[in-house]
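One line per chain: the protein sequences are A and B, in this order. Per my numbering, the first sequence starts with residue 1, numbered consecutively. Per my numbering, the second sequence starts with residue 249, numbered consecutively.
2 protein chains.
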Amino acid sequence: MPSSKPPSSSASPEQPGRPVAPEAPELIWLRPERTGRGPKPAHSRDSIAAAAITIADAEGLDAVSMRRVAAALGAGTMSLYNYVPKKEHLLDLMLDAACGEYRLPAEPSGDVRADLTGLAHEQLTIFRRHPWLPGLVIARPGIGPNALRYTDHFLAVTAPTGQPGGTRMEAMAMFNGFICQFAQYEQSAAAGAKWQAEMVGYLTQAAMSGAYPHLARAFATAGPPADPDQAFERTLDRVVLAILAPTR
Amino acid sequence: MPSSKPPSSSASPEQPGRPVAPEAPELIWLRPERTGRGPKPAHSRDSIAAAAITIADAEGLDAVSMRRVAAALGAGTMSLYNYVPKKEHLLDLMLDAACGEYRLPAEPSGDVRADLTGLAHEQLTIFRRHPWLPGLVIARPGIGPNALRYTDHFLAVTAPTGQPGGTRMEAMAMFNGFICQFAQYEQSAAAGAKWQAEMVGYLTQAAMSGAYPHLARAFATAGPPADPDQAFERTLDRVVLAILAPTR
DNA sequence: CTTCTCTAGGTACGGCGTACGTAGAAGTGC
DNA sequence: GCACTTCTACGTACGCCGTACCTAGAGAAG
């Protein structure tokens with residue numbers, strides 16, 4: 001990072017007499033964390049993200065409110081807005097901080113299939129540690145420095161396929177989407193036995209009603225509830241296969 | 249639907265002297281819409297869902313609040329709670345009502361690949377009509393009668409693969425997940441030119457910083473912005489391929 | 001007819017995101 | 001050194017949210 005200025009925005013000349021903020025960028029990653037003027041901030045983006053993640057891990061994403069996070073930091077509610085102009089940005093910080101937990105090898109091994117499988121397991125591990133994370137990954141682009149490091153790694157891993165960059169980005173979206181979905185399914189399964197039982201009862205009733213013959217057959221021919229880990233491996237295999245397949 | 253009672257819940261004998269609700273089911277589809285006693289309701293689940301969908305289409309899912317929906321129906325806020333015990337259930341109704349928009353052929357053609365491709369396009373069309381829908385589909389199981397009709401159809405379409413029911417359900421999750429993700433990406437792209445420009449600027453800056461060499465190379469070798477429709481077809485092809493592939 | 005259940009709807013509570021204003025700390029330019 | 005500028009901290013307040021709880025009254029069941 002040689003220059004501290006965001007590349008000088010040559011588009012709007014900016015009248016010199018107007019000291020007002022030129023238009024603060026919407027993207028939090030374009031806002032400098034510190035400008036150097038004024039009193040030293042008592043907190044950092046990292047500590048804020050860490051506090052928010054602690055709350056989310058313990059009580060879910062809904063429990064993460066500006067008030068809660070500020071209180072956890074020992075700050076006044078509105079002080080938080082000096083660091084995080086909108087709550088949306090707080091989620092961005094959480095997402096990127098979580099992406100910082102990836103343990104990525106410096107170089108891909110060259111075995112694309114093995115690298116992707118390993119990456120998927122790493123991702124699932126992190127998702128299990130932070131149950132709220134899949135929801136964020138699905139909802140937001142994921143663009144902070146740590147997320148970019150992940151993206152870069154994925155591109156490195158898939159480079160041997162010879163596919164163009166855009167295609168590999170699409171593949172990454174598919175890959176991430178699958179893992180998010182699996183993690184969320186796993187959570188909802190673990191969530192409530194009572195709710196689960198209710199749903200199973202409802203579904204079998206629906207299947208037996210005759211209105212959904214194929215669903216009924218699928219239920220009838222289903223064996224034991226199927227090990228989730230096996231289902232993950234099985235479907236991951238197919239996703240990787242789709243990624244490795246040559247583009248039509 | 250021969251019996252109006254949810255299959256008699258043989259588990260809890262239910263003391264006859266207690267007139268209190270036995271434990272209302274959490275699942276809205278297990279609650280009868282009408283019991284027959286008392287005054288006739290002024291609204292129906294369908295009309296409520298329709299009102300909510302109208303609001304969501306026009307102003308986004310965040311604009312759908314119990315107050316807004318009730319007002320749109322000309323009802324008092326709290327009256328809505330007679331039909332929809334929790335807001336969560338309102339979302340369930342919306343999701344299922346939207347699933348009712350599928351135009352599904354009575355029988356699959358037998359060409360699995362063609363059927364899946366057609367289904368994907370139908371789904372994308374509906375998602376484009378209801379931008380809030382992918383978010384719901386990703387977040388919730390989708391279990392109402394119309395959603396089950398969709399599930400049944402998917403199982404029918406994929407029956408010729410000879411895969412067991414569970415595997416085909418996993419395939420459906422992958423299939424839906426991909427289309428949701430694409431639809432959401434499409435929306436965010438269409439959302440704001442200014443935000444878009446900001447992000448492109450940030451990303452190119454990041455790529456040029458040297459910290460993300462593979463990302464930089466992908467940027468450098470990228471041609472024109474790539475037609476989204478083509479990207480959809482391309483990735484859909486791979487998803488279908490993954491679905492058709494034999495399980496390891 | 002009596003009784004009991006259901007519906008409509010108002011009021012109120014606690015929590016949310018955040019606009020706005022004030023007070024004071026820490027750098028900058030003369 | 002000093003005024004000026006710019007930043008931080010934080011309290012107050014507004015409008016919205018989901019929804020618990022309560023009162024009336026409609027209408028089927030006995």
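Note that beta-carbon positions come from the ideal geometry of N, C-alpha and C, so glycine has one too. Nothing here was measured: the structure is a model prediction, and the numbers come from that model.
- For Asp57 of chain A and Leu80 of chain A, the gap between their C-alpha atoms comes out near 20 angstroms.
- Between Val360 of chain B and Thr409 of chain B, the C-beta gap is smaller than 8 angstroms, which places the two residues in contact.
- Excluding the 5 residues flanking it on each side, Asn424 of chain B has same chain C-beta neighbours closer than 7 angstroms at Val385, in chain order.
- For Glu198 of chain A, the secondary structure class from DSSP, reduced to helix, strand or coil, is helix.
- Comparing alpha-carbon positions, the option among A:Thr247, A:Glu122 and A:Glu186 lying closest to Pro389 of chain B turns out to be A:Glu186.
- With contacts defined by Cβ atoms closer than 8 angstroms, Asp294 of chain B and Ala345 of chain B form a contacting pair.
- At a cut-off of 8 angstroms between beta carbons, Asp92 of chain A makes no contact with chain B.
- DSSP, read as helix, strand or coil, puts Tyr102 of chain A in coil.
- Rounded to the nearest whole angstrom, the CA to CA distance from Arg279 of chain B to Arg397 of chain B is 19 angstroms.
- The beta carbon of Tyr450 of chain B sits closer than 8 angstroms to some beta carbon of chain A.
- If you look at Ile296 of chain B, you'll find it in the alpha helix (DSSP H) that goes Arg293 to Glu307.
- A direct Cα-Cα distance of roughly 48 angstroms separates Gln230 of chain A from Arg34 of chain A.
- Listed along chain A, no residue sits closer than 9 angstroms to Val312 of chain B by beta-carbon distance, the nearest being about 17 angstroms off.
- Taking a Cβ-Cβ threshold of 7 angstroms, the residues of chain B close to Gly166 of chain A are Ala470 and Ala474, in chain order.
- Your pair Arg217 of chain A and Gly414 of chain B does not check out as a contact, with CB atoms roughly 12 angstroms apart and the cut at 8 angstroms.
- When the alpha-carbon of Glu101 of chain A is set against those of A:Gln123, A:Gly118 and A:Ala211, the nearest one is in A:Gln123.
- Secondary structure remark: continuous alpha helix (DSSP H) runs of at least 4 residues inside the region 387–452 of chain B, in chain order: 393–406 and 413–439.
- For Val69 of chain A, the secondary structure class from DSSP, reduced to helix, strand or coil, is helix.
- Classified as exposed, Met326 of chain B has fewer than 16 neighbouring CB atoms from the shown chains inside 10 Å of its CB.
- One alpha carbon belongs to Ala438 of chain B, the other to Glu23 of chain A, and they sit about 22 angstroms apart.
- Straight across, the Cα-Cα distance linking Asp475 of chain B with Pro213 of chain A is about 39 angstroms.
- Between Ile276 of chain B and Leu364 of chain B, the CB-CB gap reaches or exceeds 8 angstroms.
- In this structure, DSSP gives Arg31 of chain A a state outside helix and strand, which the three-state scheme calls coil.
- At a cut-off of 8 angstroms between beta-carbon atoms, Ile391 of chain B makes contact with chain A.
- Going by C-alpha positions, Leu203 of chain A is about 15 angstroms away from Asp340 of chain B.
- A straight-line Cα-Cα distance of about 12 angstroms links Asp310 of chain B and Lys335 of chain B.
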